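Novice: Have a look at the structure that comes next, please.
There are 2 protein chains.
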Amino acid sequence: MVENLKQVIIVRNDIGMGKGKLAAQVAHASVSAIDKIVIDWPEWVEQWKSEGMEKIVLKVNSEKELLILFEKIKTMFPAALIKDAGHTQIKSGTITCFGVGPVPEHLIDEFTKKLKLV
Amino acid sequence: MVENLKQVIIVRNDIGMGKGKLAAQVAHASVSAIDKIVIDWPEWVEQWKSEGMEKIVLKVNSEKELLILFEKIKTMFPAALIKDAGHTQIKSGTITCFGVGPVPEHLIDEFTKKLKLV
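Order-wise, the sequence lines are chains A and B. With the first sequence counted from 1, adding 62 to any position gets you this note's numbering. With the second sequence counted from 1, adding 62 to any position gets you this note's numbering.
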C-alpha cells in the first residue's frame, strides 16, 4: 500500500463549458485515466477505489497551458487527454481536459500544486 | 452489438454544488456505474468505450425524487448511488447523484426522458 492516492483532472477554464458539459468531460477523463493507470499499477486502482476514489478538479486558462502540463506529467505517468465529440456547446475536436491517476498524491502534487480548484 | 449505449448520471439540483464539486461527483458515479454494469455486461462496457463513452447528465430537484428514480431503474439495471465524503461544500453523507450504464439507450430513456439537462 502506498500512502495516499489521488486522481487529478485538469480542465480548460477558457472555453465556457456549462456545468453539465464540464461534468461529462471530467467523467470521461476520470474513466480514461483509470484505464491507462490500471495497465501498470492495478494495485493503485484497487486501493483507490476501496478508499473512496479521491479526486480533484483543477483549472488552467488556455489550451497551451493544458498541453504543457500534460506533456510534463506524461514523463512520469500515463495521462488521458480528452477531446470533445462536439455534439453540444463547443466545436468538435476541442481539447477540454485531461486526467491522471490514481497516483501517489505527493508525486502528482509537485506538478499541480499551483493550480486552482474549479 | 446492441444499437446504442449510453451512460446516464442523475444529479440533485437542490444542494448547491459548485461546478468542480458536481464534476467530481459525476465522475465518481460514472466510474462506479461502470463497475456495476461490467459484471454482467462486459461487452456493453467494451463497446461503449470504443464508441466514445456517450453520457448525459440530468437533474432532479430533491433527494426523494432521486431515490424514487434510482429504485425504479434498479429493477432493470444495477446503478450506483453516490454519497459525498463531505470534505468540502456539503454535509458528509449527503446523497448527491447516481449513475447507470452504459446500457441500451432506448431502455434507459424510458425512465429519464422527462428530465432536463444540467
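Ideal Cβ placement from N, Cα and C applies to all residues, glycine included. The model shown is predicted, which means the values in this text are computed figures rather than measured ones.
How would you list, in chain order, the residues of chain B whose beta-carbon sits under 7 Å from the beta-carbon of Val122 (chain A)?
Specialist: Locating residue 122 (chain A) in the first sequence gives position 60, where the first residue counts as 1. What Val122 (chain A) touches in chain B: nothing, since even the nearest Cβ is about 13 Å away.
Novice: Using the Cβ count rule (16 or more neighbours within 10 Å means buried), how would you classify Gly114 (chain B)?
Specialist: Numbered from 1 along the second sequence, position 52 holds the residue referred to as residue 114 (chain B). With fewer than 16 Cβ atoms within 10 Å of its Cβ, Gly114 (chain B) is classed as exposed.
Novice: With a threshold of 9 Å between beta carbons, is Gly114 (chain B) in contact with chain A?
Specialist: For this step, residue 114 (chain B) is matched to residue 52 along the second sequence. Yes, because at least one Cβ of chain A sits closer than 9 Å to the Cβ of Gly114 (chain B).
Novice: Is Ser92 (chain A) close to chain B? Criterion is C-beta to C-beta, closer than 9 Å.
Specialist: What you label residue 92 (chain A) is simply residue 30 of the first sequence in a count that begins at 1. It does: the Cβ of Ser92 (chain A) has a partner Cβ on chain B nearer than 9 Å.
Novice: Contact criterion: CB-CB distance below 9 Å. Does Lys117 (chain A) meet it with respect to chain B?
Specialist: In the first sequence, counting from the first residue as 1, residue 117 (chain A) sits at position 55. So, interface residue.
Novice: Can you tell which of A:Leu84, A:Gly148, A:Thr174 has its C-alpha closest to the C-alpha of Lys134 (chain A)?
Specialist: Translated into the one-based positions of the first sequence, residue 134 (chain A) becomes position 72. Answer by Cα proximity: A:Thr174.
Novice: Measure how close the beta-carbons of Lys121 (chain A) and Leu177 (chain A) come, nearest whole angstrom, since I'm counting them as under 8 Å.
Specialist: Sequence index remark: in the first sequence, residue 121 (chain A) carries index 59 (1-based). Sequence index remark: in the first sequence, residue 177 (chain A) carries index 115 (1-based). Confirmed, Cβ separation roughly 7 Å.
Novice: How far does the beta strand (DSSP E) with Ala86 (chain A) in it reach, from first residue to last?
Specialist: Position 24 of the first sequence, counted from the start, is the residue given in the question as residue 86 (chain A). Unbroken run through Ala86 (chain A) is the alpha helix (DSSP H), 81-102; no beta strand (DSSP E).
Novice: Along chain A, in chain order, which residues have C-beta atoms closer than 7 Å to that of Leu84 (chain B)?
Specialist: For the purposes of this step, residue 84 (chain B) is identified with residue 22 of the second sequence, where counting begins at 1. Those within 7 Å of Leu84 (chain B) in chain A are Lys81, Ala85.
Novice: Taking Val165 (chain B) as the query, report the chain A residues whose CB atoms sit under 9 Å from its CB, ordered along the chain.
Specialist: Translated into positions along the second sequence, residue 165 (chain B) becomes position 103. In chain order: nothing, as chain A lies at least about 16 Å away.
Novice: Which residue from A:Asn66, A:Gly148, A:Lys153, A:Val93 puts its Cα closest to that of Ala141 (chain A)?
Specialist: Position 79 of the first sequence, counted from the first residue, corresponds to residue 141 (chain A). Here the closest residue by C-alpha is A:Val93.
Novice: Return the Cβ separation of Ala95 (chain B) and Gly161 (chain B) in integer angstroms, given the expectation that the two are a contact with Cβ distance under 8 Å.
Specialist: Position 33 of the second sequence, counted from the start, is the residue given in the question as residue 95 (chain B). Position 99 of the second sequence, counted from the start, is the residue given in the question as residue 161 (chain B). That belief holds up - the Cβ atoms of Ala95 (chain B) and Gly161 (chain B) are roughly 3 Å apart, short of 8 Å.
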